[in-house]
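Okay, so the sequence shown: first residue is 142 according to my numbering, each after it adds one.
To start, the structure itself, in structure tokens.
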Amino acid sequence: MSQKPSHGSGRRQRVDIAVLGMGQIGGSIALAGRAAGLFGRIVGFGRHPESLERARQLELCDRTTTVAAEAVADADIVVLATPLRAIPEIVDAIAPALRVGALVIDVGSVKGTAARDIEARLPSTVAFVGCHPLAGTEQFGPEAARVDLFEGRKCVVCPTSRTQASAIDRVRGLWEAMGAKVLTMTPDLHDQVMAAVSHLPHVAAYALAAALADLAPEIAQAAQALPTTSLRDTSRVAASSPAMWRDILLENRTALLPLIQVLTKRLQDLEQAIASGDDVTLTALLEAGRTARARLLPE
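Following this line, the structure appears as structure tokens:
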């Protein structure tokens, strides 16, 4: 197993960790944290024994279980890395079993109401900090875990009014030791930003790929022989897990729906300009998109 992140200096006191959800993010936390000398014993939790067996074979964890409370019983740190829809039930299951002083973090793509709901379900004897590592790819499952997944990537930490400064400092140190660059944001601002820069692009990618499914058979066959970088780049994230993105899009719909309406209007404007042969308007619309991209993604 490759060894990568080794950030900071001096000997660290290793802590035992429970990773609930041994997919790409959960598995990568296990790999990167162990490589950085952060973790001692790693227990993995999941609903599917076959997936947990693969996680063991890949040496992502020392032990696995399908019982959430059992996974966290001796953990100093608990990572919630399951699909969003499963988290409330899991938090209810683990709450009575958590050690006094344990640190609980989640790594979901939506914070707002989700973080406040998790916090409300946990006992006051533990600390909770919402986190979002911006490091995932379209791949998923234990096989997608990488020891260097967080290297040089951003991780947004989203404290609430109840989050203690000591817990924030501890979480910051954890992510920085795994190579991430930490930003702090309120949960609601995080959701508004993610709706724009991540969730809307996923909606567009899925819609684009689905639209191409309606191509005539002869065109579809020829298109497979002529794959373009344009199609690959704009549809790449449509290869992501539909179940995971279903949960994300529904959970963040308050911030996302207005942006989908804006995107729909932009598409209608482009359609009208193309249909009418209005080269002036079409050029202006394309230039507006080009300018916006340059501002959001400077080279």
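Glycine is no exception: its CB is placed at the ideal position from the N, C-alpha and C atoms.
- Annotation: the continuous alpha helix (DSSP H) that includes His343 extends over Leu341 to Leu353.
- For Leu244, the enclosing beta strand (DSSP E) has its first and last residue at Leu244 to Asp247.
- Residue environment for His189: exposed (fewer than 16 other C-beta atoms within 10 angstroms of its C-beta).
- Positions of the beta strand (DSSP E) runs, each at least 3 residues long and wholly inside the region 371-425, cannot be given because no such run exists.
- Within the model, the alpha-carbon separation for Ala210 versus His273 is close to 24 Å.
- Thr301: not part of any beta strand (DSSP E); DSSP gives it neither H nor E.
- The alpha-carbon separation between Asp388 and Pro224 amounts to approximately 7 Å.
- In this structure Arg175 is buried. Its beta-carbon is surrounded by 16 or more other beta-carbon atoms within 10 angstroms.
- A straight line joining the alpha-carbon of Ala216 with that of Ala345 spans about 40 Å.
- Between the C-alpha atoms of Ala416 and Thr405 there is a straight-line separation of about 16 Å.
- Pairing Leu356 with Ala348 gives a Cβ-Cβ distance that is not under 8 Å.
- Annotation for Arg313: Val298 and Val323 place their beta carbon closer than 7 Å to its own, counting only its chain and skipping 5 residues before and after.
- Bounds of the beta strand (DSSP E) holding Thr205 are Arg204 to Thr206.
- For Gly314, the uninterrupted alpha helix (DSSP H) segment begins and ends at Ala306 to Ala318.
- Cβ contact annotation for Asp329 (same chain, cutoff 8 Å, sequence separation greater than five): Lys252 and Gly253, in chain order.
- Within the DSSP bridge table, the entry for Pro274 names Cys296 as partners.
- Annotated as proximal: Phe180 and Val156, with beta-carbon spacing under 8 Å.
- Residue nearest to Ser265 within the set Val248, Gln305, Ala286 and Arg226 is Gln305 (criterion: CA-CA distance).
- A contact between stretches requires three or more CB pairs, one per stretch, nearer than 8 Å, and the region 158-169 meets this requirement with the region 192-203.
- CA-CA distance, Gly162 to Ser192, rounds to 10 Å.
- Following the DSSP letters along the chain, one finds Leu161 inside the beta strand (DSSP E) bounded by residues Val156 to Leu161.
- Distance from the CA of Ala350 to the CA of Ile246, rounded to the nearest whole angstrom, comes to 34 Å.
- Here Gly178 carries a coil assignment [DSSP, helix/strand/coil].
- Distances from the alpha-carbon of Leu411 to those of Thr422, Ile401 and Gln402 put Thr422 closest.
- When beta bridges are read from the DSSP output, Ile218 appears opposite Ile158 and Leu244.
- For the 8 Å CB-CB criterion, Leu408 and His340 do not form a contact.
- A direct Cα-to-Cα measurement between Ala159 and Gly178 gives close to 16 Å.
- DSSP places Thr254 in the uninterrupted alpha helix (DSSP H) bounded by Gly253 to Arg262.
- With a beta-carbon spacing of about 48 Å, Gly418 and Gly282 fall beyond the 8 Å limit used to define contacts.
- About 13 Å separates the CB atoms of Ala212 and Val232; that is not less than 8 Å, and the two are not in contact.
- Exposure of Ile360 is indicated by the presence of fewer than 16 other C-beta atoms within 10 angstroms of its C-beta.
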